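Chains as they are written, first to last, in my numbering: chain A, 0 to 257; chain B, 231 to 400.
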């Protein structure tokens, strides 16, 4: 990645870092909904621990975003006091969990995306993002080991589990297109050597996902043009309900700490 | 490097000795120095003692507790003005656990991590057998990828039937 001479517009970098941080935060909140409800204690622990790592990523990224913005907002203000239209996560992570199989399918799709993205971002011209990426990537490998292992068990399991995860894959797959859809903001990050090309990430993601799907005896759905724009702040109806729950305490008792 | 620093006299030496007595809140058998969490202890130009601390996992709730314990220990050791700074880069590796730390983990019943450089690549493939810390059989299975903390996985020995924890390499 070659850094261009022209300095990066800090408002653009702020929005880009929010995209990364919001993806982690929203997915962590969804996974947290499984605590106390997972099919077995081990999976309760597994999903909660993945959520914890994602919250760790989100904290680093939102803190950095707040510094870039330079208006005194920290991780808590950005997490708890932004409206849903200011959230910039891709739509896939805000969708309801569904059953355990659907949660696992979404997790495999996102884990593989994060792995390929952050492996490349360790070479970012933005030192802070490179550091966060190097830290995150080690943990994400364990996330994919966990989610991928479960997808194989469920896909190559009983007729019932196979049918459920295939159906989840069919319905979630179209949302993956948004992860890789490069817009002006993404292109500007590539120009400045901050982020890798999403087409390159997508190719690596496919190479990563295909053998897992094959081992799970699942059929890879066809790509279709996507109609979701969470990365621009246009979200599904699900995000607002999720944020209402996540932000309730800070909105009811501003500044509450413990 | 670390041993040189620990042998140092004065404030730096006193700080290292104080830090060696700080236990990990989740694994009380092992000190945070043995876990390789203290990156450096160096006086800055204005005389403040700078202590650099690495988090193990980015979301590990023990990180805050450890930071407070470090500050308490340094205050008790009366090392003068100090600042504890978290550092991300290079990311903490389980390879930084000292030989003493590995021995203490094992005595505590936690299998120390395999060396990461080769096995991190294997994380996405599958398992090398993890030996049981009690009966040393390698006939074991992983029953949970995540144990009581993010850094450990839960295993079970098929020979002696006891469950045990494995400190994952990272």
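Just so you know, even glycine gets a beta-carbon here, dropped at the ideal spot from N, CA and C. Fair warning: this is a prediction, and the values are worked out from it, not measured in the lab.
Can we say the segment 220–228 of chain A touches the segment 199–211 of chain A, given the rule of at least three CB pairs closer than 8 angstroms? Taking 8 angstroms as the limit for Cβ pairs, the verdict is that the segment 199–211 of chain A does not touch the segment 220–228 of chain A.
May I have the straight-line CA-CA distance separating residue 16(A) from residue 164(A), to the nearest angstrom? Linking residue 16(A) to residue 164(A) through their CA atoms gives a straight-line distance of about 32 angstroms.
Output yes if chain A places a C-beta closer than 8 angstroms to the C-beta of residue 272(B); else output no. Interface residue (Cβ-Cβ distance to chain A less than 8 angstroms): residue 272(B) is not classified as such.
How about residue 234(B): is its C-beta nearer than 8 angstroms to some C-beta of chain A? Legend: pLDDT at residue 234(B) = 49, less than 50; position of this residue unreliable, no value from coordinates given.
Is it right to say residue 365(B) is buried, meaning 16 or more other beta carbons lie within 10 angstroms of its own, or is it exposed? exposed
Report the residue from 333(B), 261(B) and 368(B) whose alpha carbon sits nearest the alpha carbon of residue 393(B). 368(B)
Could you name the residues that DSSP lists as bridge partners for residue 79(A)? Per DSSP, none; premise fails for residue 79(A).
Between the segment 255–263 of chain B and the segment 328–339 of chain B, are three or more C-beta pairs nearer than 8 angstroms? yes
Coil, strand or helix - residue 161(A) by DSSP: helix
Measuring CA to CA, which of 188(A), 18(A), 23(A) and 81(A) is closest to residue 136(A)? Shortest Cα-Cα distance from residue 136(A) to any of 188(A), 18(A), 23(A) and 81(A) involves 23(A).
Rounded C-alpha distance that separates residue 88(A) from residue 245(B): 44 angstroms
Which residue wins for smallest C-alpha separation from residue 40(A), given the options 397(B), 376(B) and 395(B)? 376(B)
Taking the alpha carbon of residue 46(A) as the point to measure from, which residue in 257(A), 241(A), 175(A) and 103(A) has its own alpha carbon closest? 103(A)
Residues that residue 396(B) contacts on chain A, provided the C-beta gap is smaller than 9 angstroms: Neighbours of residue 396(B) on chain A: none; closest Cβ ~12 angstroms, over 9 angstroms.
For residue 370(B), which three-state DSSP category applies? strand
Residues that residue 406(B) bridges to, as DSSP identifies them: The question about residue 406(B) has no answer, for chain B in this structure spans 231 to 400.
Skipping 5 residues on each side, what residues in its chain have a beta carbon closer than 6 angstroms to that of residue 181(A)? 197
Name the chain B residues that come within less than 9 angstroms of residue 133(A), Cβ to Cβ? 318, 319, 320 and 321
So, is the C-beta of residue 376(B) closer than 8 angstroms to a C-beta in chain A? Nearest CB-CB separation between residue 376(B) and chain A: below the 8 angstroms threshold.
C-beta contact flag for residue 395(B) and residue 384(B) at 8 angstroms: yes
Under 8 angstroms, do residue 398(B) and residue 340(B) count as touching if we go by C-beta distance? no
Under 8 angstroms, Cβ to Cβ, is there at least one residue of chain B near residue 45(A)? yes
Where the beta strand (DSSP E) containing residue 230(A) begins and where it ends: Element bounds for residue 230(A): n/a, residue is neither H nor E.
Contact between the segment 264–284 of chain B and the segment 230–244 of chain A is defined here as three or more beta-carbon pairs at a separation below 8 angstroms; is this criterion met? no
If you drop the 5 nearest sequence neighbours on each side, which residues of the same chain put their C-beta closer than 7 angstroms to that of residue 252(B)? 261, 262, 299, 300 and 303
Element boundaries [beta strand (DSSP E), containing residue 91(A)]: That residue, residue 91(A), is in no beta strand (DSSP E); it is neither H nor E in DSSP.
Please report the straight-line C-alpha distance between residue 199(A) and residue 388(B), rounded to a whole angstrom. 44 angstroms
Nearest-angstrom Cα separation, counted from residue 297(B) out to residue 250(B): 14 angstroms
Under a three-way DSSP split, which group does residue 296(B) fall into? In this structure, residue 296(B) counts as helix in the three-state DSSP scheme.
What residue from 374(B), 361(B), 327(B) and 338(B) has the CA that sits closest to residue 269(B)'s CA? 327(B)
Which partner residues of residue 313(B) appear in the DSSP bridge assignment? 280(B)
Residues near residue 68(A) by beta carbon distance below 6 angstroms, same chain, minus five either side: 13
Nearest to residue 292(B) by CA position, among 282(B), 255(B) and 359(B), is which residue? 255(B)
Across which residues does DSSP place residue 385(B) in a beta bridge pair? 372(B) and 394(B)
Please classify residue 149(A) as buried or exposed, where buried requires at least 16 neighbouring CB atoms within 10 angstroms. Classification for residue 149(A): buried.
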